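Residue numbers (this note's numbering), protein chains in the order written: chain A, 101 to 328; chain B, 101 to 328; chain C, 101 to 328; chain D, 101 to 328.
Yeah, the Cβ is synthetic: ideal placement off N, Cα and C, and Gly gets one too.
Predicted model, so just to flag it, every value in this text is computed and none were measured.
Have a look at the structure below, then the notes.
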DNA sequence: AATGAATGAGCCTTCATTCAT
DNA sequence: CATGAATGAAGGCTCATTCAT
C-alpha cells in the first residue's frame, strides 16, 4: 500500500442543484472527426481537445495514485487549466469517472477485437493475461471505481456491452476448443478479472511484476478444464 | 461582564488535534474482563457497550451498502445516538473503519485457530471457503476498505499478524500434504482472498449464493497442485 | 451505476490536512504590483481584492468587538460572502489572525520609518504616543491576540522584525540624546506598549479619549530618565 | 510565549438550554462554616469542598498555562473527578472563570486591608509591587480573562468593589503624603495594574524575574509625582 | 454526591459547481 | 472558450451541558 492512510474515495457530494441532464454539453457530442469542417472552428477544437485529453490523463493518474477523492481543483491545477475548464469538458465529477473508465475499457475492446480475428483457441487467455497485466495504475482506478460502486454497465452500457461481446466471442471459442472449464460463464469471467485486479492491487504497489504475474496465473489456472 | 454574551476568545480548534494520542480514550482502554467486579459498574458499562455495539453494527451495514462515504452523522442517526456518542467510542472516522475491519478479521482468526487443531490437510481450503462465503456484506466492507487503501497491516498490526499466522500454519500443512500448489506463498494467498472478495462483489449484490460459490471455487481450483 | 446515488467512498478529510503548505494559495502569492499589466486581469483582481479587504476589515471589527471567538461563518455573513470565500483568502482562521495583525503592524512600521528620518531625539515618544493612541479597536485586537498567545514573532517574523528594528533605531537615538532612561531595553519597551494597550482597553471602551491619553502618558513618563 | 500556537480562549458556546439562574445551586450557597452542624452532612461536605478546591486549583493552573480554552473535561480529568462533579460545583464554565478570578482577587483584598493598617504613605507602592509580582500564572489568567472581556466588575461587583475600596484608601493616603502624582485616579491605577500584567506577560514566560520586576518598576515610576 | 455516558449545537474546513469577467 | 473567484451544503470533530446510574 502506498500511503498508510487514505486513498480511493469520492466525496459523495450530492450536487443539489445541477443534477440535470448532461445532454447537449460539448463533451457529450460524439467525438467524430467529421466535425473538422471549417478552419477557425477546428483550430479551437484542437485546443479544446488537447485540454480534454490532458485533463483525462491527469485524472487517470491521480485517481490511480490517490483514489477518487482527489479534488477537481487539484486535477485542474495539475493539468494546467482552470477548474472551469474541467467542468466544461466533464460537467460533473461522475462524468469524469465515466470518461476515465470508458477510456480504459475501450483499449481492451480494441484488443479483444483484434484477438477475435486470430484462430488461436487460447486467445481468451492472451486477452486475460494482457488485461491483468495492464498495470497497477489501471487496476487502481478500476478498483477504486468498483469500490465506489461506479458501475460501468449502468453508466455506459454501450462500452460495457462492447467489451462483454468481445469477451464472449473469445470465451465461446475457447469453450469450443475445450481450452477452458465448461462451467464458466462470461459474468463469472468478468468478475474474476475484477478480482484479479483487486488481488494484484492488494499485493501492493511495491510488488514485483513477477509476483503480479504469478497471481494472475493462479487465477487463470483456475479457469482451465478440471482434470477428471 | 460588559456584554451579556461572550467575548474575546477563539475556539482553539487545533487543526490536526485529533491526531493526538488517543491513548486514554475509553475505547482504547484494554477491554479487560476484570472490571466485571460489582454490579452497578457493570450495569453502566453495559449501556455504553450496547451503544458501541450498535454503532459498530450500523456502521458495518452502511459501509457495506453505501461505501465508506456515509457520514458519521448518518451513522449516528441510524444508530439512534448523537454524533458525540459515535465520537466517544470511535474518536475518528478511521478508528471506526479500523474497528469494523478488526471486528471482521477477528472472526476469521478464531476460525483459523479452530481449524488449526484438526488434522485435515485440506483445512486451508475449508477456511478459504468460509472466508469467501462470509457474505457480500463483509466483502463490500473489505473491498471498500481495500480501495481506500486502508491498510489493516499498518493500522492494526496485531490482528493482521494473527490472521497471517493462522493462515500460514494451514498453508504449511497443506504444502506438506501436497494439497496445494507448491509455488504459492502466504502473501499471494491473502491477495487472492482479497481478489475473491472483489470478484464476488463485482458479480453483484443480486448474485445468487451459488454463483458466488462458483467464483470462489474457480479461484480455489487455481490453488491446487498443477497436474504435471 | 447500480444505484442512482453514490457509493463506497470516504471523504478523505485528513485531520490536520489544513496544516499542509499553503504555498500556492492565492493569498500567499507575493502581492507584486507587476500584475497590473492588462486591464481585464486587473479588473478581476480588483473584485477579489475588494472581497479580501472587506473580509479583513470586518474580521478586524468583529475581533475587536467580540474577541477572536467569532466564527468564520459570522465573519463571512457580515462581509456578505460565503464561507468558502473567506477560506479562499485566508485558508485557516489563524491565517486570518495573522493577516489582521500584520495589517495593523505594518502601519506602525511605516510610521516608525517615517519618524526615523527626522532629527527629533524624542521621535520615539512620538511613535509611542501614536501607537498607544491608535485606538481601542486595535488595542482590542492586539490584546485578544496576545491573550491567545498568538505570537507575531513566530507567525510573521519579518513584520515583527521590521517593527523591532524601527523601534530599536528610535530607542538608540533617544538613548544617545538622553531622552529616555538608560536602563530601558527594546524588549521591555515593546512589552510596555503591549501593557499600555491592555491598560487602555481595561479602562473600558467607553473611556474618554482624554483618559486613554492620560494612561498612555503615565507609562511614557515612566520611560523618562530618572531624576537623580 | 509558551507555545507557538494557541492559548487563552473560550469557546463561546452559547449554552442554549441551561442559561438559567445559578441561584440555589449548592456552590452558590454562602460557604459559611456554620453549616457544619450534624456529623454525616459535615463528612460529605468535607469531601465536596476538597473536590471544589482541587478543581479550582487545577483550573487556575490550566487557564494560566493553556488559556481559557481548556475543556472542562480536561480540567475534570486532571483534577481526578468526573465532568459531572465539575458541574456540580461550577454550573457553567463562566462560573468557573468567576470563581478563579474571585479567588485571586480576594487575596489582594486581604493584602490591601492589611496594608491599610500601617502608616506607611508608600503602602500603595508596596501593594502594587506585590500585585505585579504576583506571578506569571496569575497574570496569565487575568490577561486571558481580560481579553475574553470577562469583567469582574459586572460578574462579581462585591469583590471588585472591595478591591477598589482597598486600593482607593491606599491611593488617598499616598495622595495626602504626596507620594504619588496628583492626577492619578483609581480607575487609571487599576487599568495600569492590568497593563502591567499584560506587559509582564508579553515579555514572555521565560523572562527572568528581574526583567519582570524592571517592567513593573518602570510603570511604578510613572506613578510618581512629576518633577517640576 | 459522584460518575461518566450521551447530547447536540456549532465550529472550521473542503470541494463540486456556478458564473462574472 | 478559458479563467478563477464565489458559493454553500456538508463533513468530521469538539465540548459545555444534561442525566441515568
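- A contact is defined here as three or more CB-CB pairs under 8 Å, and the region 276 to 285 of chain D fails this definition with respect to the region 299 to 311 of chain D.
- Using a Cβ-Cβ cut-off of 8 Å, residue 258/B does not count as an interface residue toward chain A, since no Cβ of chain A sits closer than that to its own.
- Under the three-state reduction of DSSP, residue 295/B is assigned to helix.
- Residue 183/C is outside the set of residues whose beta carbon lies under 8 Å from a beta carbon in chain D.
- The C-alpha of residue 200/B lies about 57 Å from the C-alpha of residue 300/C.
- At a cut-off of 8 Å between C-beta atoms, residue 287/A counts as an interface residue with respect to chain B.
- Within chain B, the residues placing a beta-carbon under 8 Å from that of residue 314/A are 283 and 288, ordered along the chain.
- Distances from the alpha-carbon of residue 259/A to those of 287/A, 284/A, 198/A and 238/A put 198/A closest.
- Neighbours of residue 196/C in chain D, taken as residues whose beta carbon is under 7 Å from its own, are absent, since the nearest beta carbon is some 14 Å off.
- Residue 262/D and residue 290/C have their C-alpha atoms some 33 Å from each other.
- Residue state for residue 183/D is assigned as helix, using DSSP reduced to three classes.
- What residue 296/A touches in chain B, judged by beta-carbon distance under 7 Å, is 295, going in chain order.
- Within the same chain, Cβ atoms closer than 8 Å to the Cβ of residue 282/A are found at 275 and 325, the five residues on either side in sequence being excluded.
- Shown here, residue 279/A sits in coil according to DSSP, grouped into three states, outside any helix or strand.
- If you keep only unbroken alpha helix (DSSP H) runs of at least 4 residues inside the region 163 to 238 of chain A, you get 172 to 179, 183 to 189, 193 to 216 and 223 to 233.
- Around the beta carbon of residue 166/D, 16 or more other beta carbons lie within 10 angstroms, which makes this residue buried.
- Apart from the 5 residues on each side of it in sequence, residue 228/B sits with its Cβ closer than 7 Å to the Cβ of 293 and 320 in its chain, given in chain order.
- Note that the C-beta distance between residue 210/B and residue 230/B is not below 8 Å.
- Taking the Cβ atoms as the reference, residue 159/A lies roughly 6 Å from residue 196/A, within the contact range of under 8 Å.
- For the options 190/C, 271/C and 180/C, the alpha carbon positioned closest to that of residue 284/C is the one of 271/C.
- Nothing from the region 195 to 217 of chain A brings a Cβ to less than 9 Å from some Cβ of chain B.
- In the displayed model, residue 325/D falls within coil according to three-state DSSP, outside both helix and strand.
- Counted as a single uninterrupted DSSP element, the alpha helix (DSSP H) harbouring residue 252/B occupies residues 252 to 255.
- Within the same chain, 280, 281 and 284 come within 7 Å of residue 323/B by CB-CB distance, once the 5 residues on both sides are set aside.
- Contact between residue 303/A and residue 315/A holds: CB atoms are separated by about 6 Å, below the 8 Å threshold.
- If you draw a 10 Å sphere on the C-beta of residue 242/B, you find 16 or more other C-beta atoms in it, and that means buried.
- Secondary structure of residue 285/C (DSSP, three-state): coil.
- Selection 185/A, 193/A and 287/A evaluated against residue 150/A yields 185/A as nearest (Cα-Cα).
- Comparing C-alpha distances from residue 232/B to each of 176/B, 194/B and 205/B shows the shortest one belongs to 205/B.
- Within chain D, the C-beta atoms nearer than 9 Å to that of residue 322/C come from 317, 318, 319, 320, 321, 322, 323 and 324, in chain order.
- As the crow flies, the alpha-carbon of residue 161/B is around 28 Å from that of residue 265/B.
- When 7 Å is used as the limit between beta carbons, residue 292/B is near these residues of chain A: 299, 315 and 318, in chain order.
- By the Cβ-count criterion, residue 214/B is exposed, with fewer than 16 other Cβ atoms from all chains shown falling within 10 Å of its own Cβ.
- Out of 250/D, 152/D, 226/D and 225/D, the CA that lies nearest to the CA of residue 182/D is found in 152/D.
- Distance from the CA atom of residue 192/D to the CA atom of residue 169/D, rounded to whole angstroms, is 14 Å.
- Close to residue 311/C, with beta-carbon spacing below 9 Å, are these residues of chain D in chain order: 285, 287, 288 and 291.
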